[in-house]
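To start, the structure itself, in C-alpha cells.
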Amino acid sequence: MLKISLLLLTLVALAGCNYRVNKAQSLDDGIRGLSADQLTYQAVNTSVLAKNCVSCHSQAGGNKGGVNLETYAEVKRNIKEIREQVADKSMPPRTQLSDAQINMIITWIDAGASEDGQPQSIPTEPTQPPTQPPVTPPTPPNPPVTPPPVIPDPIFTIPADPKDITFEMVRVNVLVPKCLKCHSAPTNKGDVNLETYSSVMENLKDAYDDIMDGSMPKGKNLMTDDQKQLFFRWHDAGAKENGAAGLGATGLGANSAATKL
Numbered sequence: 012m013l014k015i016s017l018l019l020l021t022l023v024a025l026a027g028c029n030y031r032v033n034k035a036q037s038l039d040d041g042i043r044g045l046s047a048d049q050l051t052y053q054a055v056n057t058s059v060l061a062k063n064c065v066s067c068h069s070q071a072g073g074n075k076g077g078v079n080l081e082t083y084a085e086v087k088r089n090i091k092e093i094r095e096q097v098a099d100k101s102m103p104p105r106t107q108l109s110d111a112q113i114n115m116i117i118t119w120i121d122a123g124a125s126e127d128g129q130p131q132s133i134p135t136e137p138t139q140p141p142t143q144p145p146v147t148p149p150t151p152p153n154p155p156v157t158p159p160p161v162i163p164d165p166i167f168t169i170p171a172d173p174k175d176i177t178f179e180m181v182r183v184n185v186l187v188p189k190c191l192k193c194h195s196a197p198t199n200k201g202d203v204n205l206e207t208y209s210s211v212m213e214n215l216k217d218a219y220d221d222i223m224d225g226s227m228p229k230g231k232n233l234m235t236d237d238q239k240q241l242f243f244r245w246h247d248a249g250a251k252e253n254g255a256a257g258l259g260a261t262g263l264g265a266n267s268a269a270t271k272l
C-alpha cells in the first residue's frame with residue numbers, strides 16, 4: 012500500500028513538472044511568434060517583467076536596489092541597467108530568464124523600448140565634439156618705417172640792409188624748416204616754443220647762443236650758412252618784428268655774428 016502511495020505521488024510530481032515545462036515552452040513559443048510591431052511595453056511586461064522582476068522591484072517588494080519597475084516610466088528610467096543585467100544574466104538572481112525572454116526584452120530595448128510598438132529612439136548621452144586647438148592668426152608684418160618728410164631748404168635772398176629783415180622772413184626761411192618741428196605745440200621740446208614773435212623773443216638769447224655754437228638744430232637738419240646769416244643779421248639789427256631800426260645801442264648788435272660768417 013505504501014509503495015502504491017509513493018508511486019502515485021511521483022506520478023503527480025512528474026505531471027506537475029511536465030505541466031510547467033510545457034507551459035514555459037508554450038510561453039517561449041508565443042514570444043518568438045511576436046512581430047516587431049507587437050513588441051510593446053505591455054507584451055514585455057506581461058511576458059517578462061511582471062513574472063520575473065516586479066516581485067522585488069515594486070512598492071510591495073520594497074523597491075530593491077532603489078529600482079521600481081511597475082510602470083512604463085519607471086522601466087524607461089532604468090532601461091540601460093535593465094539591458095545590461097538581462098544580457099549578462101545577473102538579473103533576475105534566482106529564476107533565470109529563458110533565451111526567448113532575454114531576446115524579447117533586448118530586442119524591444121534595442122528597437123527603442125516603445126510603449127505602443129512604434130519605434131522610439133533611446134536618448135543617449137550627448138557626445139562632445141572633438142576639441143580643436145585654438146587657431147592663432149598669423150602675425151602681420153610690421154609696416155615699413157616711413158622716414159619723416161624732409162623740408163627742402165628755402166631759396167631766399169638776404170636783404171642788403173639788415174633793417175629790411177623782418178621776423179616773417181626769419182620765421183619762413185629759418186624757424187619753419189629748422190626749428191618748429193621740435194619747438195612747437197604740442198611737443199615744445201625743452202619747454203621752448205618758437206612759433207610766434209613773442210615766444211621767440213622770450214628765448215632769443217638761448218636761440219642765438221645755440222645757433223652760434225652749432226648745438227641747434229640737432230641731427231642732420233643743420234642750418235645753411237645763408238640761414239645763419241639771415242638770423243644773425245636780423246638779431247644784430249634789433250630783432251624787430253617788422254624790420255624797424257636796429258637796437259645796436261642796447262647791445263643786441265654789439266658782438267655781431269653776421270660779420271663773423
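Mapping of the sequence shown onto my numbering: residues 12 to 272, in sequence order. Every residue, glycine too, gets a C-beta built ideally from N, C-alpha and C. Quantities reported herein were computed from a predicted structural model and do not represent experimental measurements.
Who are the Cβ neighbours of D127 in its own chain at under 7 Å, not counting the five residues just before and after it? If you number the sequence shown from 1, residue 127 lands on position 116. Taken in chain order, the residues that qualify are T51.
State the start and end residues of the unbroken alpha helix (DSSP H) segment that holds L191. For this step, residue 191 is matched to residue 180 along the sequence shown. Taken as a continuous stretch (DSSP letters only), L191 belongs to no alpha helix (DSSP H), as it is neither H nor E.
Thinking C-alpha only, which one of V183, E95 and C193 is nearest I117? Taking the sequence shown and counting its residues from 1, one reaches residue 117 at position 106. When only C-alpha atoms are compared, the closest one is E95.
Using the C-alpha atoms, what's the distance from V185 back to I166? Walking along the sequence shown from the start, residue 166 turns up at place 155. Walking along the sequence shown from the start, residue 185 turns up at place 174. Each residue's Cα considered, the two are about 11 Å apart.
May I ask you to verify whether the region 246-256 touches the region 167-186, counting CB pairs closer than 8 Å and requiring at least 3? With the cut-off at 8 Å, the region 246-256 and the region 167-186 touch.
Look at C193 and K200 and say whether their C-beta atoms are less than 8 Å apart. For this step, residue 193 is matched to residue 182 along the sequence shown. For this step, residue 200 is matched to residue 189 along the sequence shown. The answer is yes: Cβ separation under 8 Å.
In whole angstroms, give me the CA-to-CA distance for T106 and V78. Locating residue 106 in the sequence shown gives position 95, where the first residue counts as 1. Locating residue 78 in the sequence shown gives position 67, where the first residue counts as 1. Distance from the CA atom of T106 to the CA atom of V78, rounded to whole angstroms, is 18 Å.
Let's see if you can read the secondary structure: which residues bound the alpha helix (DSSP H) around T118? For this step, residue 118 is matched to residue 107 along the sequence shown. Run containing T118: D110 to D121, per the alpha helix (DSSP H) assignment.
With DSSP as the reference, label K174 as helix, strand or coil. Translated into the one-based positions of the sequence shown, residue 174 becomes position 163. In the structure shown, K174 adopts helical secondary structure according to DSSP, grouped into three states.
Whole-angstrom distance between N232 and P155, CA atom to CA atom: Translated into the one-based positions of the sequence shown, residue 155 becomes position 144. Translated into the one-based positions of the sequence shown, residue 232 becomes position 221. Approximately 23 Å, taken between the alpha carbons.
Under three-state DSSP, which class holds F167? Start at 1 with the first residue of the sequence shown, and residue 167 comes out as number 156. Of the three classes helix, strand and coil, the one that applies to F167 here is coil, per DSSP.
Can you tell me which of T168, N214 and D247 puts its alpha carbon nearest to the alpha carbon of D237? As a first step, residue 237 is located in the sequence shown; it is residue number 226 there, counting from the start. Ranking the options by Cα distance to D237, first place goes to T168.
DSSP state of L233 mapped onto helix, strand, coil: Counting from 1 along the sequence shown, the entry for residue 233 is found at position 222. In the structure shown, L233 adopts coil according to DSSP, grouped into three states.
For N266, which residues from the same chain have a beta carbon less than 6 Å from its beta carbon, with the 5 sequence-adjacent residues on both sides left out? The residue given as residue 266 occupies position 255 in the sequence shown. Residue placement at N266 is flagged as unreliable, the pLDDT there being 46, under the threshold of 50; the coordinate-derived value follows with that caveat. Here the set comprises nothing.
For a quick check, are the C-beta atoms of K87 and A61 less than 8 Å apart? On the sequence shown, position 76 is the one that residue 87 refers to. On the sequence shown, position 50 is the one that residue 61 refers to. Not a contact, by the Cβ cut-off of 8 Å.
Secondary structure of A84, DSSP reduced to three states: Indexing the sequence shown from 1 puts residue 84 at position 73. Three-state DSSP puts A84 in a helix.
Could you spell out the range, first to last residue, of the alpha helix (DSSP H) harbouring A54? Numbered from 1 along the sequence shown, position 43 holds the residue referred to as residue 54. Y52 to V55 is the extent of the alpha helix (DSSP H) around A54.
Residue interval of the alpha helix (DSSP H) (run including Y94): Walking along the sequence shown from the start, residue 94 turns up at place 83. Sequence check: residue 94 is Arg here, not Tyr. Unbroken alpha helix (DSSP H) run through R94: I90 to A98.
Distance between Q143 and P283 (C-alpha atoms, nearest Å): Missing from the structure shown is residue 283; the chain here goes from 12 to 272 and no further.
Mark S209 as exposed unless 16 or more other C-beta atoms lie within 10 angstroms of its C-beta, in which case mark it buried. Looking up residue 209 in the sequence shown gives position 198. By the neighbour-count rule (16 or more Cβ atoms within 10 Å), S209 is not buried but exposed.
Alpha carbon of A196 to alpha carbon of V146, nearest angstrom: Sequence index remark: in the sequence shown, residue 196 carries index 185 (1-based). Sequence index remark: in the sequence shown, residue 146 carries index 135 (1-based). Roughly 45 Å separates the two Cα atoms.
Helix, strand or coil at K251 [DSSP, three-state]: Numbered from 1 along the sequence shown, position 240 holds the residue referred to as residue 251. Three-state result, K251: coil.
Measuring alpha carbon to alpha carbon, tell me which of V203, G225, V97 and V187 ends up nearest A111. Reading the sequence shown from its first residue, position 100 is the one you call residue 111. Ranking the options by Cα distance to A111, first place goes to V97.
Around the C-beta of N153, are 16 or more other C-beta atoms found within 10 angstroms, so that it is buried, or is it exposed? Position 142 of the sequence shown, counting from 1, holds the residue named residue 153. Taking every protein chain shown into account, the CB of N153 has fewer than 16 other CB atoms within 10 angstroms, so this residue is exposed.
Using 10 angstroms around the beta-carbon of S58, count the other beta-carbons present and answer buried if the total reaches 16, otherwise exposed. Within the sequence shown, residue 58 is the residue found at index 47, counting from 1. Flag for S58 reads buried.
Determine the burial state of S69: buried for a count of at least 16 other Cβ atoms within 10 Å of its Cβ, exposed for fewer. The residue labelled residue 69 in the question sits at position 58 within the sequence shown. Buried, by the Cβ-count rule.
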